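>
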Amino acid sequence: MNEPRNNRHGARSGWSWWYLLFVAQFVASLWVSFYNRADPTWIGIPFFYWYQMLWVIIGAILTAIVYFATDA
Amino acid sequence: MCRATDANGAKSKQKENIGRDAVQEVNWVALTIFILLFILITILGFIAANWRKGDLDLLHEWGLGGRRFGTVITWFLIGGDLYTAYTFIAVPALAFGAGAIAFFAVPYTIMIYPILFLVFPRLWHVCHKHQYITAADFVRGRFGNRWLALATAITGIVATLPYIALQLVGLQVVIGGMGVGGTGYAADVPLVIAFVILAAFTYTSGLRAPASIAIVKDLLIYITAFAVVIVVPIQLGGFGNIFAKVPPAKLLLAVPGPNTTGAYGIYATLALGSALALFLYPHSVTGILAASSGHAVRRNAALLPGYSFMLGLLALVGFFAIATGVSGLPEFVDGFKSFGNSFAVPALFLHSFPSWFVGIAFAAIGIGALVPAAIMSIAAANLYTRNIHREFINRNPTDKQESQMAKWVSLIVKFGALAFIVFVPQQYAIYLQLLGGIWIIQTVPSVMLGVYTRWFNDWALLIGWAVGIVAGTWMFIAANLTPNFPLAIGGYTFPGYSALYTVILNLVVTIVLTPLFNAVGGRRRDATVAADYFA
Chain A
92 MNEPRNNRHG
102 ARSGWSWWYL
112 LFVAQFVASL
122 WVSFYNRADP
132 TWIGIPFFYW
142 YQMLWVIIGA
152 ILTAIVYFAT
162 DA
Chain B
6 MCRATDANGA
16 KSKQKENIGR
26 DAVQEVNWVA
36 LTIFILLFIL
46 ITILGFIAAN
56 WRKGDLDLLH
66 EWGLGGRRFG
76 TVITWFLIGG
86 DLYTAYTFIA
96 VPALAFGAGA
106 IAFFAVPYTI
116 MIYPILFLVF
126 PRLWHVCHKH
136 QYITAADFVR
146 GRFGNRWLAL
156 ATAITGIVAT
166 LPYIALQLVG
176 LQVVIGGMGV
186 GGTGYAADVP
196 LVIAFVILAA
206 FTYTSGLRAP
216 ASIAIVKDLL
226 IYITAFAVVI
236 VVPIQLGGFG
246 NIFAKVPPAK
256 LLLAVPGPNT
266 TGAYGIYATL
276 ALGSALALFL
286 YPHSVTGILA
296 ASSGHAVRRN
306 AALLPGYSFM
316 LGLLALVGFF
326 AIATGVSGLP
336 EFVDGFKSFG
346 NSFAVPALFL
356 HSFPSWFVGI
366 AFAAIGIGAL
376 VPAAIMSIAA
386 ANLYTRNIHR
396 EFINRNPTDK
406 QESQMAKWVS
416 LIVKFGALAF
426 IVFVPQQYAI
436 YLQLLGGIWI
446 IQTVPSVMLG
456 VYTRWFNDWA
466 LLIGWAVGIV
476 AGTWMFIAAN
486 LTPNFPLAIG
496 GYTFPGYSAL
506 YTVILNLVVT
516 IVLTPLFNAV
526 GGRRRDATVA
536 ADYFA
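Chains A and B are the protein sequences, given in the same order.
In terms of the numbering used here, the first sequence is residues 92 to 163.
In terms of the numbering used here, the second sequence is residues 6 to 540.
1. At a CB-CB cut-off below 8 Å, which residues of chain B make contact with A:D130?
2. Whole angstroms is fine: what's the gap from B:V179's alpha carbon to B:W361's?
3. Would you grab the beta carbon distance between A:A129 and A:F138 for me? Rounded to a whole angstrom, and I think it's under 8 Å.
4. Under 8 Å between C-beta atoms, does B:V111 make it to chain A?
5. Using a cut-off of 7 Å between C-beta atoms, extract the partners of A:A151 located in chain B.
6. Given this structure, state the Cα-to-Cα distance separating B:K405 from B:E66, to the nearest angstrom.
7. Roughly how many angstroms separate the alpha carbons of B:R529 and B:M453, rounded to a whole number?
8. For the region 271-286 of chain B, which residues have a CB atom closer than 8 Å to at least one CB atom of chain A, in sequence order?
9. Between the beta-carbon of A:V147 and the beta-carbon of B:G330, is there less than 8 Å?
10. Going by DSSP, name the residue or residues bridged to B:G501.
11. Among residues of its own chain, excluding the 5 on either side of B:G161, which ones have a beta-carbon nearer than 6 Å to its beta-carbon?
12. Using the Cα positions of B:V525 and B:V534, report the straight-line distance between them to the nearest angstrom.
13. Suppose only complete runs of 4+ residues qualify. What are the alpha helix (DSSP H) ranges in the region 37-81 of chain B, listed by chain order?
14. Beta carbon of B:A434, beta carbon of B:I443: below 8 Å?
15. Do you know offhand how far B:G496's Cα is from B:Y502's?
16. Would you grab the beta carbon distance between B:L467 and B:L61 for me? Rounded to a whole angstrom, and I think it's under 8 Å.
17. Could one say the Cβ of A:V118 lies closer than 8 Å to chain B's Cβ atoms, at least one of them?
18. Using only the alpha-carbon positions, how far apart do B:D26 and B:I372 sit?
19. Taking the alpha helix (DSSP H) that A:M144 belongs to, which residues open and close that run?
20. Using a C-beta to C-beta distance shorter than 8 Å, which residues of chain B count as neighbours of A:A155?
21. For B:Q543, does the count of other Cβ atoms within 10 angstroms reach 16, so buried, or fall short, so exposed?
22. Going by DSSP, what residue range makes up the alpha helix (DSSP H) through B:L454?
23. How about B:A54 and B:S210: are their beta carbons less than 8 Å apart?
24. Determine the burial state of A:Q143: buried for a count of at least 16 other Cβ atoms within 10 Å of its Cβ, exposed for fewer.
25. Could you check which residue in B:L42, B:R127, B:L121 has the C-alpha nearest to that of B:V456?
26. Using the Cβ count rule (16 or more neighbours within 10 Å means buried), how would you classify B:T139?
27. Per DSSP, B:A296 is paired with what?
28. Counting only beta-carbon atoms, is A:W146 nearer than 8 Å to chain B?
29. Where B:V475 and B:A504 are concerned, what is the direct C-alpha to C-alpha distance, given to the nearest angstrom?
30. To the nearest angstrom, report how far apart B:T515 and B:I446 are at their CA atoms.
31. Work out the CA separation of B:W413 and B:G184 for me, nearest whole Å.
32. Looking at C-alpha atoms only, which residue of B:Y538, B:P238, B:H130 is the closest neighbour of B:G323?
33. Starting from the C-beta of B:P450, find all residues in its chain whose C-beta is less than 7 Å away, skip the five residues before and the five after it, and write them out in chain order.
34. Whole alpha helix (DSSP H) runs in the region 101-138 of chain B with 4 or more residues, listed along the chain?
35. Flag B:A107 as yes if its beta-carbon sits less than 8 Å from any beta-carbon of chain A, otherwise no.
36. What residue range does the alpha helix (DSSP H) around B:T207 cover?
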């Protein structure tokens, strides 16, 4: 479980365009007027709730993409 | 996490002396399983001292587990640290009482992970390089001003103390839920026992104890969360039926009227402000710095949303409690009378599950209180020892003196929190914890932006911090002891989280004053160089 340390080099000292993927999570989370609605429901769950839960998963995937794109 | 969850629930019907008058029968099966699991984690907490063995007379061994935790342990540790018992009780309680606003915890936890990914690996690297163990250590090195470091340390300690106290509320609620009660202070005996155990293994094993216990606790919490989200909807005939029973006013946020951002603004600013504040809490920093590499931190930014998903599921449990109508059932009248909406989750479990499973679920919540309480007390102890005692009282302690001091402080902090919850009305702890969020966010410029830039002047940062603290405290009071301030600009009102408003003010003050102070007094030396911030 101990990762090798200090043996990789990458672009993480500076900017990466991949970081722009993070903007999506902020827009999706802060645009409340878009998701404050009941329809469409999914298995009986109002849109407001399943939309935000879905973005937890999308956010994790986007973060993983940025990780692999910038750290490899 | 979720310091602002009581935004509306703050005025919930919490009685001052909770748990004093429960007359419910003791649930022996649940209690036995609860106690067995507590014994298990107690043993684990003590033998953890020998796990990845290090010299516990060194502060970074006791207080950061020797910085040896890889991706998986870090996941359990930070997850167990941030998603606390208070969260598991308070978020569903807020959903139960106030409805949709409680779900702000979900966008909040969506936004924390980009921040974790971008900022905190840099903090990890610079702290590893310079052997810093607290955020205030970093500020001291980066900006060369011990008063700014002191402000950072005190903010962290003060924000943490009421948070520890509130963990006990989670413990109290589940103990009360099993029918264990008494009159007067006798009601607090189980709480005191749990806390003495906590104090003892934290003293002995340091951060290794909560790290090992977190694994057990998190597995129990996941089992519990998934069981409740699968079983209860089946019992109630599907999610459609459940949401049909939620009153329309609670189902969605109120649509804002003219000339105001209304509930939308509150929701968005609570989420964003809480997200900015979260990783500045000392217990968050401690969890991050205990990782073995920046990679472990970065990987966790993608893996920790697993906990966010579970938190969202648990928020729904508040609605399950509405749908089952537990608050109207005679057997739970006393519980709701004693604990207010916080009793919604325990009542739902008692209503929907066999006793043996109630024991597991309650143990998950109870242990879920001990893990963050341990980490918080260690983090506060690290801050006091490094940034107050060593800086201002004894400048050259031996390693052993330093770690011994931290161990004692961790005890004092915990018993302070215990005394607070036993002797002071719980509502004060809630107010202080809400204020703590407003205070801790004021360290954004020096810590979070500080890992990216040394541009700010140290005195400008200190004045910006002070302005933010004062303005935030004033807003909290002006808003009738709630964290949502109705900011009026022109003919518009923007009700929102005062933490976010005041940290912007703080930043503006800092930016305006920086060139002025630089012109007058020059600037301090930065002990760090750009290469320290990445591998």
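The beta carbon of each residue, even a glycine, is placed where N, CA and C say it ideally should be.
Owing to the predicted nature of the structure, the values given are computational and were not obtained by experimental measurement.
Taking the geometry as given:
1. Here residue 130 of chain A is taken as the residue at index 39 of the first sequence, counted from 1. The premise fails here: A:D130 is roughly 11 Å from chain B at the closest Cβ pair, so nothing lies under 8 Å.
2. Taking the second sequence and counting its residues from 1, one reaches residue 179 of chain B at position 174. Taking the second sequence and counting its residues from 1, one reaches residue 361 of chain B at position 356. Taken atom to atom, the span from the alpha-carbon of B:V179 to that of B:W361 is near 14 Å.
3. Sequence index remark: in the first sequence, residue 129 of chain A carries index 38 (1-based). Sequence index remark: in the first sequence, residue 138 of chain A carries index 47 (1-based). That belief holds up - the Cβ atoms of A:A129 and A:F138 are roughly 6 Å apart, short of 8 Å.
4. Numbered from 1 along the second sequence, position 106 holds the residue referred to as residue 111 of chain B. At least one C-beta of chain A is nearer than 8 Å to the C-beta of B:V111.
5. Start at 1 with the first residue of the first sequence, and residue 151 of chain A comes out as number 60. The contacting residues are A307, P310.
6. Start at 1 with the first residue of the second sequence, and residue 405 of chain B comes out as number 400. Start at 1 with the first residue of the second sequence, and residue 66 of chain B comes out as number 61. Cα to Cα, the separation comes out at about 11 Å.
7. Translated into the one-based positions of the second sequence, residue 529 of chain B becomes position 524. Translated into the one-based positions of the second sequence, residue 453 of chain B becomes position 448. Approximately 19 Å, taken between the alpha carbons.
8. Cβ proximity to chain A below 8 Å picks out Y272, A273, A276, L277 from the region 271-286 of chain B.
9. Residue numbering aside, residue 147 of chain A sits at position 56 when the first sequence is read from its first letter. Residue numbering aside, residue 330 of chain B sits at position 325 when the second sequence is read from its first letter. In this structure, B:G330 does not lie closer than 8 Å to A:V147 by Cβ.
10. Residue 501 of chain B sits at position 496 when you count from the first residue of the second sequence. Paired residues: B:F490.
11. Within the second sequence, numbered from 1, the residue matching residue 161 of chain B stands at position 156. These residues qualify, in order along the chain: P287, L388.
12. Numbered from its first residue, the second sequence carries residue 525 of chain B at position 520. Numbered from its first residue, the second sequence carries residue 534 of chain B at position 529. For B:V525 and B:V534, the distance between alpha carbons rounds to 25 Å.
13. Counting whole runs of 4 or more residues, the region 37-81 of chain B contains the alpha helix (DSSP H) stretches 64-69.
14. Here the question's residue 434 of chain B lines up with position 429 in the second sequence. Here the question's residue 443 of chain B lines up with position 438 in the second sequence. One thing to note: B:A434 has its Cβ no nearer than 8 Å to the Cβ of B:I443.
15. Locating residue 496 of chain B in the second sequence gives position 491, where the first residue counts as 1. Locating residue 502 of chain B in the second sequence gives position 497, where the first residue counts as 1. Cα to Cα, the separation comes out at about 19 Å.
16. Mapped onto the second sequence, residue 467 of chain B falls at position 462. Mapped onto the second sequence, residue 61 of chain B falls at position 56. Contact check for B:L467 and B:L61: beta-carbon distance about 35 Å, past the 8 Å limit, so the pair fails to qualify.
17. As a first step, residue 118 of chain A is located in the first sequence; it is residue number 27 there, counting from the start. Chain B contact via Cβ: absent.
18. On the second sequence, residue 26 of chain B is found 21 positions in, with the first residue counted as 1. On the second sequence, residue 372 of chain B is found 367 positions in, with the first residue counted as 1. Here B:D26 scores only 44 on pLDDT, less than 50, and its place in the model should not be relied on; the value that follows carries that caveat. When the Cα atoms are used, B:D26 and B:I372 turn out to be separated by approximately 24 Å.
19. The sequence position of residue 144 of chain A within the first sequence is 53, counting from 1. Note, A:M144: alpha helix (DSSP H), 138-162.
20. On the first sequence, residue 155 of chain A is found 64 positions in, with the first residue counted as 1. For A:A155, the C-beta contacts it makes with chain B under 8 Å involve A307, in order along the chain.
21. No statement about residue 543 of chain B is possible, as the shown extent of chain B runs from 6 to 540 and does not include it.
22. Indexing the second sequence from 1 puts residue 454 of chain B at position 449. B:L454 -> no alpha helix (DSSP H), and no H or E assigned at all.
23. If you number the second sequence from 1, residue 54 of chain B lands on position 49. If you number the second sequence from 1, residue 210 of chain B lands on position 205. Taking C-beta atoms as the reference points, B:A54 and B:S210 count as a pair closer than 8 Å.
24. As a position in the first sequence, residue 143 of chain A is number 52, starting the count at 1. Answer is buried; the Cβ neighbour count reaches 16.
25. Start at 1 with the first residue of the second sequence, and residue 456 of chain B comes out as number 451. For B:V456, the nearest C-alpha among the options comes from B:R127.
26. If you number the second sequence from 1, residue 139 of chain B lands on position 134. By the Cβ neighbour-count rule, B:T139 is buried, with 16 or more other Cβ atoms within 10 Å of its own.
27. Here the question's residue 296 of chain B lines up with position 291 in the second sequence. Looking at the DSSP output, B:A296 shares a beta bridge with B:F74.
28. Position 55 of the first sequence holds residue 146 of chain A. So yes, A:W146 belongs to the interface.
29. Residue mapping note: residue 475 of chain B aligns to position 470 of the second sequence, counting from 1. Residue mapping note: residue 504 of chain B aligns to position 499 of the second sequence, counting from 1. Their Cα atoms are separated by approximately 11 Å.
30. If you number the second sequence from 1, residue 515 of chain B lands on position 510. If you number the second sequence from 1, residue 446 of chain B lands on position 441. Just so you know, the alpha carbons of B:T515 and B:I446 end up roughly 14 Å apart.
31. Taking the second sequence and counting its residues from 1, one reaches residue 184 of chain B at position 179. Taking the second sequence and counting its residues from 1, one reaches residue 413 of chain B at position 408. Their Cα atoms are separated by approximately 34 Å.
32. As a first step, residue 323 of chain B is located in the second sequence; it is residue number 318 there, counting from the start. Relative to B:G323, the option among B:Y538, B:P238, B:H130 whose CA is nearest is B:P238.
33. As a first step, residue 450 of chain B is located in the second sequence; it is residue number 445 there, counting from the start. So the qualifying residues of the chain are F461, L466, G469, N511, L512, T515.
34. Every unbroken stretch of the alpha helix (DSSP H) spanning 4 or more residues and falling wholly within the region 101-138 of chain B is given here in chain order: 110-135.
35. In the second sequence, counting from the first residue as 1, residue 107 of chain B sits at position 102. Look at B:A107: its C-beta is not under 8 Å from any C-beta on chain A.
36. Residue 207 of chain B sits at position 202 when you count from the first residue of the second sequence. Note, B:T207: alpha helix (DSSP H), 194-210.
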